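Per the numbering used here, residue 2 is the first one in the sequence shown, and the count goes up by one each step. So the structure is just underneath, and the comments pick up after that.
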Amino acid sequence: MVKIMKNWRKFVLSLTLLIKGAFATPQVVDKIAVIVDNEVILESDVQNILNTMKHSLKEANNQNEEDTLRHQILDRLIMDKIILQLAQRANTTISDKQLDQTISNIAANSHMTLGQLRSNLAYDGVDYNTYRAQIRKKILLAEVSNSEMRRRINILPYEVEYLANKIAVQTSNSAKFNLSYILIPLPNNHIQDQLDQAEALANALVKQSKSSAEFGQLTIIYSNTSHALKSGHMSWNKLEELPSPVSVRLQKAHKGSIIGPIRSGLGFYIIKVNDIRGITQKVTVTEVHARHILLHTSEVVTDQQASAKLDDIAQQIKSSRLTFSNTAKQLSEDPDSANKGGDLGWRSFDTFAPELRNALLHLKKGEISSSIRSYYGWHLIQLLDTRQVDRTDAAQQDRAYRLLFNRKFDDEMQKWTQEHRTATYVKIINNHAQ
């Protein structure tokens, strides 16, 4: 427990430099660093991150190095601002329930209760509301990016079938790796100084990870990926399913290894080997039979109204004043399931949105959830039954699809961000010189 506390405080010290700025001695006027459409990025936002990176690197002692770091930070903040603007236009929000669940998961990954997490934040001077705002922003950025990638990436059935057949003929004793990773990104058209600074930061994080720093917490602070809020956690992969630079470095790895930095087109990866195992020939999974009622929000229907309406419906169903099936047919805004009384059929847990999956894991047969917010809207979901099924063939198909998706994700993400950066008015104000 003492070791956990020490590691936690190292993490919080870094996080404090990012979010504690609100409690530092205020400047007379906070300058504008960048204008992005009709919004601004403040100089204090840039300086907080710059100070954190300089603290981690223990470098950037001359103006050229600091300017390179600053350029990387501006690229990151500008893209974050653009994505947040897209979320606002699409009326995409993160509910308090979703935020609370994510923070609870972060606490669990640090072997803490939520109360212990809050106490440690307070001990190190981090305001809990500011911490929540930072995590909410991370979730929103990930949801918008992932949703857009799912829309843009097209994987054809024959691609999945071909790759699944190749996976099927692999030897049964091939090793599989459970990995976590941090990505230190490089901006488009980067210069040598930016490359050197990104590599230096990656080397510093490798050193911190090997000296017992919590890898998952470093991921939340530094990693620029959709996996960040899961502590960088990836699914099980074989060596041949991973990029060549990674698979080569993993051939002599053992459980607990920290590997990196590994250069890629997007930047530098730092890999942690969580576990290694052989392939199980038969894949058995739990499937659930569920049904739901979906309500969308709009300018007329707010989050609060949709949530309250579904909670009221749940009470009426439980008291037999309404039936789930008839109510779904009348009110649900999911066209695929509404006319079936909300029936979603038999599905594995991983096909549900994270919020629905978490609810189903905690429901008993026949039990109805309270209102749940996901990317699609507000849900009321009922668990009808569960079963164990052999999905060896399906698992190979799923693995092939994920591999193809991951291969295309980075390229498509880079194109998408470049398109929006080009289409957005951005003015960088050179006011940081003293």
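Ideal placement from N, C-alpha and C gives every residue a C-beta, glycine not left out. Keep in mind it's a predicted model, so treat the numbers as computed, not measured.
Handout entry: Endpoints, the alpha helix (DSSP H) within which D386 is located
Key = Here residue 386 refers to the residue found at position 385 when the sequence shown is read from its first residue. That residue, D386, is in no alpha helix (DSSP H); its beta strand (DSSP E) goes G378 to D391.
Problem - Buried versus exposed, by CB contacts within 10 Å (16 or more), P262 - result: As a working note, residue 262 is residue 261 in the sequence shown. It is buried - the Cβ of P262 has at least 16 other Cβ atoms within 10 Å.
Problem - Where T69 falls, given that 16 or more other Cβ within 10 Å makes a residue buried - result: Along the sequence shown, read from residue 1 onward, the residue named residue 69 stands at position 68. T69 is buried by the Cβ-count criterion.
Problem - Per-residue DSSP class, three states only, for L332 - result: What you label residue 332 is simply residue 331 of the sequence shown in a count that begins at 1. If DSSP states are grouped into helix, strand and coil, L332 belongs with the helices.
Handout entry: Span of the beta strand (DSSP E) around E40
Key = Taking the sequence shown and counting its residues from 1, one reaches residue 40 at position 39. Run containing E40: E40 to L43, per the beta strand (DSSP E) assignment.
Problem - Same chain, Cβ closer than 7 angstroms to S370, five either side skipped, listed in chain order - result: By 1-based counting over the sequence shown, the position of residue 370 is 369. Counting only Cβ-Cβ distances below 7 angstroms, and skipping sequence neighbours, we find A360, L364, L381 and I382.
Practice task
Determine the contact status of G268 and A201, defining contact as a CB-CB distance below 8 angstroms.
Solution key: Here residue 268 is taken as the residue at index 267 of the sequence shown, counted from 1. Here residue 201 is taken as the residue at index 200 of the sequence shown, counted from 1. For G268 and A201, no; Cβs fall outside 8 angstroms.
Handout entry: Enclosing alpha helix (DSSP H) for H363 [first to last residue]
Key = What you label residue 363 is simply residue 362 of the sequence shown in a count that begins at 1. From DSSP, the alpha helix (DSSP H) with H363 extends over P355 to H363.
Handout entry: Within 8 angstroms, strictly: CB atoms of I294 and G343
Key = The residue you call residue 294 lines up with position 293 of the sequence shown. The residue you call residue 343 lines up with position 342 of the sequence shown. Yes, the pair counts as a contact, with Cβ atoms nearer than the cut-off.
Exercise for the section: May I have the straight-line CA-CA distance separating R77 from T387, to the nearest angstrom? Expected result: In the sequence shown, counting from the first residue as 1, residue 77 sits at position 76. In the sequence shown, counting from the first residue as 1, residue 387 sits at position 386. Looking at the two C-alpha atoms, the distance is approximately 44 angstroms.
Exercise for the section: Grab the span of the alpha helix (DSSP H) containing E241 for me, first residue to last. Expected result: To locate residue 241, count along the sequence shown from 1; it is residue 240. Unbroken run through E241: none, as it is neither H nor E.
Problem - For V35 and F350, the rounded distance between their alpha carbons - result: Here residue 350 corresponds to residue number 349 of the sequence shown, with the count starting at 1. Here residue 35 corresponds to residue number 34 of the sequence shown, with the count starting at 1. F350 and V35: Cα-Cα distance of roughly 43 angstroms.
Practice task
Answer yes if the region 210–219 comes into contact with the region 296–307, meaning at least three C-beta pairs across the two stretches below 8 angstroms, and no otherwise.
Solution key: no
Handout entry: Under 8 angstroms between C-beta atoms of V427 and I50
Key = Walking along the sequence shown from the start, residue 427 turns up at place 426. Walking along the sequence shown from the start, residue 50 turns up at place 49. Against a cut-off of 8 angstroms, the Cβ pair of I50 and V427 comes out as no contact.
Problem - For Q398 and V161, believed in contact at Cβ under 8 angstroms, the rounded distance - result: In the sequence shown, residue 161 corresponds to position 160, counting from 1. In the sequence shown, residue 398 corresponds to position 397, counting from 1. Yes, V161 and Q398 are in contact; Cβ-Cβ is about 6 angstroms, under 8 angstroms.
Handout entry: Pick from K177, D394, S248 and R374 that is closest to T285, judged by C-alpha positions
Key = To locate residue 285, count along the sequence shown from 1; it is residue 284. Nearest C-alpha to T285: D394.
Exercise for the section: Report yes if the C-beta distance between I277 and K256 is below 8 angstroms; otherwise report no. Expected result: Along the sequence shown, read from residue 1 onward, the residue named residue 277 stands at position 276. Along the sequence shown, read from residue 1 onward, the residue named residue 256 stands at position 255. Contact flag set, yes.
Problem - Rounded separation between P188 and V289 - CA only - result: Reading the sequence shown from its first residue, position 187 is the one you call residue 188. Reading the sequence shown from its first residue, position 288 is the one you call residue 289. Roughly 43 angstroms between the two C-alpha positions.
Exercise for the section: Spatial neighbours of K409 within its chain, please: CB distance less than 8 angstroms, with the 5 preceding and 5 following residues excluded, ordered by chain position. Expected result: Translated into the one-based positions of the sequence shown, residue 409 becomes position 408. So the qualifying residues of the chain are I154 and I156.
Exercise for the section: Give the straight-line distance between the Cα atoms of T328 and P336, rounded to the nearest whole angstrom. Expected result: One-based indexing of the sequence shown puts residue 328 at position 327. One-based indexing of the sequence shown puts residue 336 at position 335. Approximately 14 angstroms between the Cα atoms of the pair.
Handout entry: Classification of Q193 by the beta-carbon crowding that lies within 10 angstroms, buried from 16 upward
Key = Counting from 1 along the sequence shown, the entry for residue 193 is found at position 192. Exposed, since its Cβ has fewer than 16 Cβ neighbours within 10 Å.
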